[in-house]
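>
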Amino acid sequence: MHESGKSKDWTSILTPRRTSMAKSFKHLDAQLTDYIKGRSRISVQSSRMNSKLEKYVLRILTEVLEKVGQSRYIEMLYTITKEMAINGVKANQKRIFFEDQGLDIRNPEHYDQALSQFKENFSEKMADEFGKRCLARGVYVKINVVYSSDGLVVEVANNTPVIDIEEVRMREKMKKAMEYNDIAEFYMDNMDNTEGAGLGIALIMILLKSENIDPNLFRIQTQASETVARVEIPFTDKYVTIRSKEINQVGNNR
């Protein structure tokens, strides 16, 4: 849950046991270190991506990774989390843009037309305005960090579903990104037909490869009411990935 629309601070931090009492960062700034020390799950919610959110995400990841002795992943994980959050925020703002234009996002003609307009008009000022509109309509991105001494999971959920055409394009980008180990090479090969989201997906997978982490541990799940991007970072051989648990559960249910 986020703070009410009366607040000028669109970003809140959620406690796992008291989610009804989301607090703005300005109230938690001095307490954040102690807050992280006492928990294995941290959630942050915002209606837009701004410097304040970036600052606190970096601080949370830094303190969490230092806590478990895995500081070497700070830069990589911050970049990945930021990319997932940007993609989620843009997806939400794109949905609001369609609604405000009176267009049906599930209509292919409407989709291509509005997507082109959205890209052409997108700016920092527009992002700020649509962040306010997202807040007013209860549209947000939530970043969940769950960790132990054996591994860490970052999930970024945005509460707008992906339509079929978007999911197909997204899966194509992920498949194509698996072929590359260098983001510059990916960009040069796809510069004519790659959106920002495509570059973001490729960057995430290439960063994981650079640390010898299975790129399949980056997943995007589409559900009826939300889209969830997730990355897992194993620290030890004891870590059991969520993907492995899901596969085992399917096997046990047969």
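Heads up: the sequence shown begins at 1046 in the working numbering, then just goes up one per residue.
All C-beta atoms in this analysis are idealised placements derived from N, C-alpha and C, irrespective of residue type, glycine included.
(1) With distances taken Cα to Cα, identify the nearest neighbour of N1204 among R1104, R1140, K1283, Y1225.
(2) Spatial neighbours of A1202 within its chain, please: C-beta separation below 6 Å, excluding the five flanking residues on both sides.
(3) What do you get for N1132, buried or exposed, if any count of 16 or more other CB atoms within 10 angstroms of its CB means buried?
(4) Please go through the region 1134-1178 and give each complete beta strand (DSSP E) segment of 3 or more residues, from N-terminal end onward.
(5) Label M1219 either buried or exposed according to how many other C-beta atoms from any shown protein chain fall within 10 Å of its C-beta, with 16 as the threshold for buried.
(6) In this structure, what does DSSP give as the bridge partners for K1187?
(7) Is S1193 buried or exposed, if buried means 16 or more other CB atoms sit within 10 Å of its CB?
(8) Tell me where the alpha helix (DSSP H) around V1207 begins and ends.
(9) So L1262 and R1288 are in contact, right, with Cβ under 8 Å, and what is the actual spacing, rounded?
(10) What are the complete beta strand (DSSP E) segments, minimum 3 residues, inside the region 1211-1247?
(11) For the candidate residues Y1225, Y1118, K1097, V1207, whose alpha-carbon lies nearest to that of K1151?
(12) Buried or exposed for G1196, please, with buried defined as at least 16 other CB atoms from any protein chain shown within 10 angstroms of its CB.
(13) Kindly indicate which three-state DSSP category V1102 falls into: helix, strand or coil?
(14) In three-state DSSP terms, what is E1277?
(15) Opposite T1272 in the DSSP bridges: which residues?
(16) What's the C-alpha gap between E1291 and E1217?
(17) According to DSSP, is Y1192 part of a helix, a strand, or is it coil?
(18) Going by the CB atoms, is the gap between A1159 and F1175 shorter than 8 Å?
(19) Let me check one thing: in DSSP terms, what residues is L1197 bridge-paired to?
A quick look at the data gives this:
(1) Taking the first residue of the sequence shown as 1, we reach residue 1204 at position 159. The residue with the shortest Cα to Cα distance from N1204 is R1140.
(2) Indexing the sequence shown from 1 puts residue 1202 at position 157. Result list for A1202: K1187, E1271, V1273, in chain order.
(3) Position 87 of the sequence shown holds residue 1132. Buried.
(4) Within the region 1134-1178, no run of beta strand (DSSP E) at least 3 residues long lies entirely inside it.
(5) The count along the sequence shown starts at 1 and reaches residue 1219 at position 174. Buried, since its Cβ has 16 or more Cβ neighbours within 10 Å.
(6) Residue numbering aside, residue 1187 sits at position 142 when the sequence shown is read from its first letter. According to DSSP, which records beta bridges pairwise, K1187 is partnered with Q1090, A1202.
(7) Position 148 of the sequence shown, counted from the start, is the residue given in the question as residue 1193. The residue in question, S1193, is exposed, as its Cβ has fewer than 16 Cβ neighbours within 10 Å.
(8) Working through the sequence shown from its first residue, we reach residue 1207 at position 162. Segment: none, V1207 is in no alpha helix (DSSP H) and carries neither H nor E.
(9) Within the sequence shown, numbered from 1, the residue matching residue 1262 stands at position 217. Within the sequence shown, numbered from 1, the residue matching residue 1288 stands at position 243. Going by Cβ atoms, the distance from L1262 to R1288 rounds to 7 Å, so yes, they are a contact pair.
(10) none
(11) The count along the sequence shown starts at 1 and reaches residue 1151 at position 106. It is Arg, not Lys, that sits at residue 1151 in the sequence shown. Of the listed residues, the one whose Cα sits closest to R1151 is V1207.
(12) Counting from one through the sequence shown, the residue named residue 1196 turns up at place 151. Looking at its Cβ environment, which holds 16 or more other Cβ atoms inside 10 Å, G1196 is buried.
(13) On the sequence shown, position 57 is the one that residue 1102 refers to. Three-state result, V1102: helix.
(14) Looking up residue 1277 in the sequence shown gives position 232. Strand at E1277.
(15) Working through the sequence shown from its first residue, we reach residue 1272 at position 227. In the DSSP output, where bridge partners are listed per residue, T1272 has N1203, T1267.
(16) Working through the sequence shown from its first residue, we reach residue 1291 at position 246. Working through the sequence shown from its first residue, we reach residue 1217 at position 172. Roughly 23 Å between the two C-alpha positions.
(17) To locate residue 1192, count along the sequence shown from 1; it is residue 147. Of the three classes helix, strand and coil, the one that applies to Y1192 here is strand, per DSSP.
(18) Taking the sequence shown and counting its residues from 1, the one referred to as residue 1175 is at position 130. Taking the sequence shown and counting its residues from 1, the one referred to as residue 1159 is at position 114. Taking 8 Å as the Cβ cut-off, F1175 and A1159 do not qualify as a contacting pair.
(19) The residue you call residue 1197 lines up with position 152 of the sequence shown. L1197 is bridged to Y1192, I1278.
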